[in-house]
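Residues in the sequence shown are numbered from 8 upward in steps of one, following my numbering. First up is the structure itself, then whatever we jot down about it.
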Amino acid sequence: MGEASPEKKEEEEDLRLTFMFEYLQKTMRLKQERWTKMLATEELEKILMDFLNGRVADEVLVMTLNPAGQLIPVLGFPASIRNKAVYFIKRDKETITGENFRRRLVFGDMAPKPVDELATLVEEVNYGDEHLCIFALIRVPTSVASWYEASLLLDHQ
Numbered sequence: 008m009g010e011a012s013p014e015k016k017e018e019e020e021d022l023r024l025t026f027m028f029e030y031l032q033k034t035m036r037l038k039q040e041r042w043t044k045m046l047a048t049e050e051l052e053k054i055l056m057d058f059l060n061g062r063v064a065d066e067v068l069v070m071t072l073n074p075a076g077q078l079i080p081v082l083g084f085p086a087s088i089r090n091k092a093v094y095f096i097k098r099d100k101e102t103i104t105g106e107n108f109r110r111r112l113v114f115g116d117m118a119p120k121p122v123d124e125l126a127t128l129v130e131e132v133n134y135g136d137e138h139l140c141i142f143a144l145i146r147v148p149t150s151v152a153s154w155y156e157a158s159l160l161l162d163h164q
């Protein structure tokens with residue numbers, strides 16, 4: 008039984024890494040060679056595996072490309088990024104395994120400029136034939152119970 012443990016651990020790592028690579032490939036159009044090169048760099052592979060195995064206090068891992076086009080894992084949110092990045096956030100401090108990674112990781116994309124992120128947040132909200140801007144909805148009193156009531160209030164402003 009004790010001998011199967013390292014094999015099982017390798018299999019779990021493969022599932023986690025496969026999932027992360029497939030997401031990076033989809034969202035950043037990352038090529039296999041960049042992923043492989045990152046994993047072949049001991050220091051970078053250690054950052055990734057320490058995050059997954061719970062050996063670091065950070066619960067955020069950001070994957071981004073450096074100016075040379077190399078995939079770089081960074082613990083925590085970087086102060087600035089030059090290219091689109093992908094984040095993985097642990098829901099808790101548990102080790103990420105092959106069985107729990109889909110439940111324990113929150114992931115998504117980050118634009119290189121915070122203004123772009125804000126623009127996504129402030130997109131118009133469709134309500135039937137009405138287009139309500141989120142900025143306008145912020146002005147609506149908190150006592151308003153529904154989107155319909157909010158739209159009526161906005162029409163009279």
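Cβ atoms here follow ideal geometry from the backbone N, Cα and C, with glycine treated the same way.
Which class does Ala92 belong to by DSSP, given the choice of helix, strand or coil?
Locating residue 92 in the sequence shown gives position 85, where the first residue counts as 1. When DSSP states are grouped into helix, strand and coil, Ala92 belongs to the strand group.
Name the residue from Asp116, Gly115, Lys120, Tyr94 whose alpha carbon lies nearest to the alpha carbon of Asp65.
By one-based count along the sequence shown, residue 65 stands at place 58. Taking only the C-alpha atoms, the option nearest Asp65 is Tyr94.
Skipping 5 residues on each side, what residues in its chain have a beta carbon closer than 8 Å to that of Ile79?
In the sequence shown, residue 79 corresponds to position 72, counting from 1. Cβ-Cβ distances below 8 Å link Ile79 to Met45, Leu51, Met70, Thr71, Leu72, Asn73 in the same chain, with the five nearest sequence neighbours on each side left out; the list follows chain order.
What would DSSP say about Asp65, mapped onto helix, strand or coil?
Working through the sequence shown from its first residue, we reach residue 65 at position 58. Asp65 sits in coil when the DSSP states are folded into three classes, being neither helix nor strand.
For Thr102 versus Asn60, is the C-beta distance shorter than 8 Å?
Here residue 102 is taken as the residue at index 95 of the sequence shown, counted from 1. Here residue 60 is taken as the residue at index 53 of the sequence shown, counted from 1. Yes, the pair counts as a contact, with Cβ atoms nearer than the cut-off.
Where does the unbroken beta strand (DSSP E) through Ile79 begin, and where does it stop?
Here the question's residue 79 lines up with position 72 in the sequence shown. In this chain, the beta strand (DSSP E) harbouring Ile79 covers 78-82.
Figure out for me which residue from Phe114, Glu29, Val81, Thr43 has the closest Cα to the Cα of Phe58.
Stepping through the sequence shown from its first residue, residue 58 is reached at position 51. Closest option to Phe58, Cα to Cα, is Val81.
One question on the structure: do Trp42 and Leu31 come within less than 8 Å of each other, judged by their Cβ atoms?
Against the sequence shown, residue 42 aligns to sequence position 35. Against the sequence shown, residue 31 aligns to sequence position 24. Between Trp42 and Leu31, the C-beta spacing is below 8 Å.
Pairwise C-alpha distance: Thr104 and Ala92:
Taking the first residue of the sequence shown as position 1, residue 92 is located at position 85. Taking the first residue of the sequence shown as position 1, residue 104 is located at position 97. Distance between the alpha carbons of Ala92 and Thr104: 23 Å.
Enumerate in chain order the residues of its own chain whose CB-to-CB distance from Thr34 is below 7 Å, with the five nearest sequence positions on each side excluded.
As a working mapping, residue 34 is identified with position 27 in the sequence shown. The residues are Val93, Asp116.
Looking at the unbroken alpha helix (DSSP H) that takes in Asp57, where does it start and where does it end?
Within the sequence shown, the letter at position 50 stands for residue 57. From DSSP, the alpha helix (DSSP H) with Asp57 extends over 49-59.
With a CB to CB cut of under 7 Å and the five nearest residues on each side skipped, what residues in its chain are close to Phe84?
If you number the sequence shown from 1, residue 84 lands on position 77. Residues Val67, Val69 of the same chain have their beta carbon placed closer than 7 Å to that of Phe84, with the five preceding and five following residues left out of the count.
Local conformation of Glu137 per DSSP, three classes:
Residue numbering aside, residue 137 sits at position 130 when the sequence shown is read from its first letter. Its pLDDT being 49, under 50, Glu137 is placed unreliably by the model, and nothing is read from it.
Buried or exposed: which applies to Lys97, given that a residue is buried once 16 or more other Cβ atoms fall within 10 Å of its Cβ?
Within the sequence shown, residue 97 is the residue found at index 90, counting from 1. With 16 or more other Cβ atoms within 10 Å, it is buried.
Buried/exposed call for Asn133, threshold 16 Cβ in 10 Å:
Reading the sequence shown from its first residue, position 126 is the one you call residue 133. Confidence is the limiting factor: at Asn133 the pLDDT is only 44, short of 50, which leaves the residue's position unreliable, though a coordinate-based value still follows. Answer is exposed; the Cβ neighbour count stays below 16.
Just how far apart, CA to CA, sit Asp21 and Arg89?
Here residue 21 corresponds to residue number 14 of the sequence shown, with the count starting at 1. Here residue 89 corresponds to residue number 82 of the sequence shown, with the count starting at 1. Linking Asp21 to Arg89 through their CA atoms gives a straight-line distance of about 29 Å.
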